[in-house]
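**Q** Numbering (my numbering), first residue to last: 828 to 1158.
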Ligand code: FES
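As structure tokens, then:
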């Protein structure tokens, strides 16, 4: 909009424009400037509280808060820090605009959608002129505290990137499975002997760990295995993969090699495993080769054997990453 089209408001039907105190009283303007600076400082303190809570307040500390009751201190102070940091930046900007930025009521004449080149150049000049009038150059206290609060608030999302965890391509190469780790039922946490599974049966399996209550969801997602029993003569596997089975029992990672859903539907008649997400279908007798759907590779097979006590155990870790394969694989 061209400055030429902005005319001072002089409609006799409207009340006269009331000027603010800071427009003609330098002491009031200084006071308003300090108030804006305080609001930006509060925002900066909010971000510091957020960062402090994220790094130094343990996740298992609880505090009592009137009205809402017992709360997790880590979550509570993270939330308060982020709220203060964003709220006070907004409050400072609004207060700055209401008390110190140019306060002039004008009538804007309507014009065609696209401005002429002359008007566009005029706009740029006007923006530069009004940026100066907003006092950013002159009011150094506001400029510095605004810079501090904006600079700090930008740190919060960077900090949260850490919560995304390790890169999947690295993380999925490591599971709890290792030679001698017992296979236990999920749920139930019960060790299995080969005779516990009839031909055609399927069991949902996790690796045995000392304290199952401490098993993280991340580990459950990576370690989950399906155990299937078939007649040994039904396998069509090469010698190596056949040696990873035990008397017709075969184990596969349960994480779909397409996008990581749980492959949990076993069709006993066809001996197919089906992923419910995008219908990838894996053929168990041939080592879970993909026979339909978007998945690009078989489900990783876990080598199993029987321990001296007669329980099913892993014979080795997975020999390839489990889960989706849409990134570059190292193996
Ligand atoms: S996640 Fe299994 S087919 Fe897509």
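Here a beta-carbon is modelled for each residue, glycine too, at the ideal position from N, C-alpha and C. From a predicted model like this one, the values you see are computed outputs, not experimental measurements.
Which of the three DSSP states, helix, strand or coil, is assigned to residue 910?
**A** It is helical.
**Q** Run through DSSP, which three-state label would residue 1131 get?
**A** Looking at residue 1131 - three-state DSSP - the assignment turns out to be strand.
**Q** Who are the near neighbours of residue 851 in its chain, counting only those whose CB is closer than 8 Å to its CB and skipping five residues on each side?
**A** Answer for residue 851: no residue qualifies.
**Q** On a Cα-Cα basis, can you pick out the residue from 1142, 1126, 1054 and 844 that is closest to residue 934?
**A** The shortest C-alpha separation from residue 934 is found at 844.
**Q** Please confirm whether any heavy atom of the ligand FES lies closer than 6 Å to the CB of residue 1105.
**A** True, at least one ligand heavy atom lies under 6 Å from that Cβ.
**Q** Please specify which runs of the beta strand (DSSP E), each continuous and at least 3 residues long, are wholly inside the region 991 to 1069, giving them in chain order.
**A** Runs of the beta strand (DSSP E) inside the region 991 to 1069: 1010 to 1012, 1029 to 1034 and 1052 to 1056.
**Q** Helix, strand or coil: how does DSSP classify residue 933 here?
**A** Residue 933: strand per DSSP, three-state reduction.
**Q** Nearest to residue 872 by CA position, among 988, 920, 908 and 882, is which residue?
**A** Closest option to residue 872, Cα to Cα, is 908.
**Q** According to DSSP, is residue 891 part of a helix, a strand, or is it coil?
**A** Of the three classes helix, strand and coil, the one that applies to residue 891 here is strand, per DSSP.
**Q** Does DSSP put residue 1089 in a helix, a strand or coil?
**A** Three-state DSSP puts residue 1089 in a strand.
**Q** What does a CB cutoff of less than 8 Å around residue 875 pick up in its chain, not counting 5 residues either side in sequence?
**A** So the list reads 908 and 979, once near-sequence residues are dropped.
**Q** Can you tell me whether residue 875 is helix, strand or coil according to DSSP?
**A** It is helical.
**Q** Among 849, 1025 and 1126, which has the Cα closest to the Cα of residue 1148?
**A** Of the candidates 849, 1025 and 1126, the one whose C-alpha sits nearest the C-alpha of residue 1148 is 1126.
**Q** Can you give the Cα-Cα distance for residue 1140 and residue 901, rounded to whole angstroms?
**A** Approximately 40 Å, taken between the alpha carbons.
**Q** Just reading off the alpha helix (DSSP H) that residue 957 is part of, what are its end residues?
**A** Start and end: 944 to 960.
**Q** To the nearest angstrom, how far is it from the Cα of residue 866 to the Cα of residue 1040?
**A** Rounded to whole angstroms, residue 866 to residue 1040 spans 46 Å at the Cα level.
**Q** Rounded to whole angstroms, what is the Cα-Cα separation between residue 1155 and residue 1122?
**A** Because the pLDDT of residue 1155 is 49, which lies under 50, any placement of that residue in the model is unreliable, and the number read from its coordinates should be weighed accordingly. So the alpha carbons of these two residues sit roughly 15 Å apart.
**Q** Classify residue 1150: buried if its beta carbon has 16 or more other beta carbons within 10 angstroms, exposed otherwise.
**A** Classification of residue 1150: buried, given that the 10 Å Cβ count is 16 or more.
**Q** By alpha-carbon positions, which one of 969, 1001, 896 and 880 ends up nearest to residue 924?
**A** Closest by alpha carbon: 969.
**Q** Taking residue 882 as the reference, give the member of 904, 1034 and 916 with the closest Cα.
**A** Per the Cα distances, 904.
**Q** Compute the distance between the beta-carbons of residue 1056 and residue 1024, then report whether it is under 7 Å.
**A** Yes, Cβ-Cβ distance for residue 1056 and residue 1024 is below 7 Å.
**Q** For residue 1081, report the span of its alpha helix (DSSP H) as first-last.
**A** First-last for residue 1081: undefined, no H or E at that position.
**Q** Got a sec: does the ligand FES put a non-hydrogen atom nearer than 6 Å to the Cβ of residue 1031?
**A** The answer is no for residue 1031.
**Q** Considering only heavy atoms of the ligand FES, does any lie closer than 6 Å to the CB of residue 1120?
**A** True, at least one ligand heavy atom lies under 6 Å from that Cβ.
**Q** Quick check: does the Cβ of residue 1085 come within less than 6 Å of any heavy atom belonging to the ligand FES?
**A** It does: the Cβ of residue 1085 is within 6 Å (strictly closer) of some heavy atom of the ligand FES.
**Q** If we ignore side chains and look at the alpha-carbon of each, how far apart do residue 971 and residue 956 end up?
**A** Roughly 21 Å between the two C-alpha positions.
**Q** Any idea what DSSP makes of residue 850, helix, strand or coil?
**A** Reduced to three states, the DSSP call for residue 850 is helix.
**Q** What do you get for residue 919, buried or exposed, if any count of 16 or more other CB atoms within 10 angstroms of its CB means buried?
**A** Answer is buried; the Cβ neighbour count reaches 16.
**Q** On the criterion of 16 or more Cβ atoms from any shown chain inside 10 Å, does residue 860 qualify as buried, or is it exposed?
**A** Buried, by the Cβ-count rule.
**Q** Closest by CA to residue 1111, which one among 1144, 1142, 1069 and 1103?
**A** Residue 1069 is the option with its Cα nearest to residue 1111.
**Q** Could you check where the alpha helix (DSSP H) with residue 987 kicks off and where it finishes?
**A** From DSSP, the alpha helix (DSSP H) with residue 987 extends over 982 to 987.
**Q** Can you give me the C-alpha to C-alpha distance between residue 1120 and residue 1108, rounded to a whole angstrom?
**A** So the alpha carbons of these two residues sit roughly 6 Å apart.
**Q** Taking the DSSP output, what are the residues bridged to residue 1099?
**A** Answer by DSSP bridge pairing, in chain order: 1094 and 1110.
**Q** Specify, as a first and last residue, the run of the beta strand (DSSP E) that residue 927 falls within.
**A** Careful: residue 927 lies outside any beta strand (DSSP E) and carries neither H nor E.
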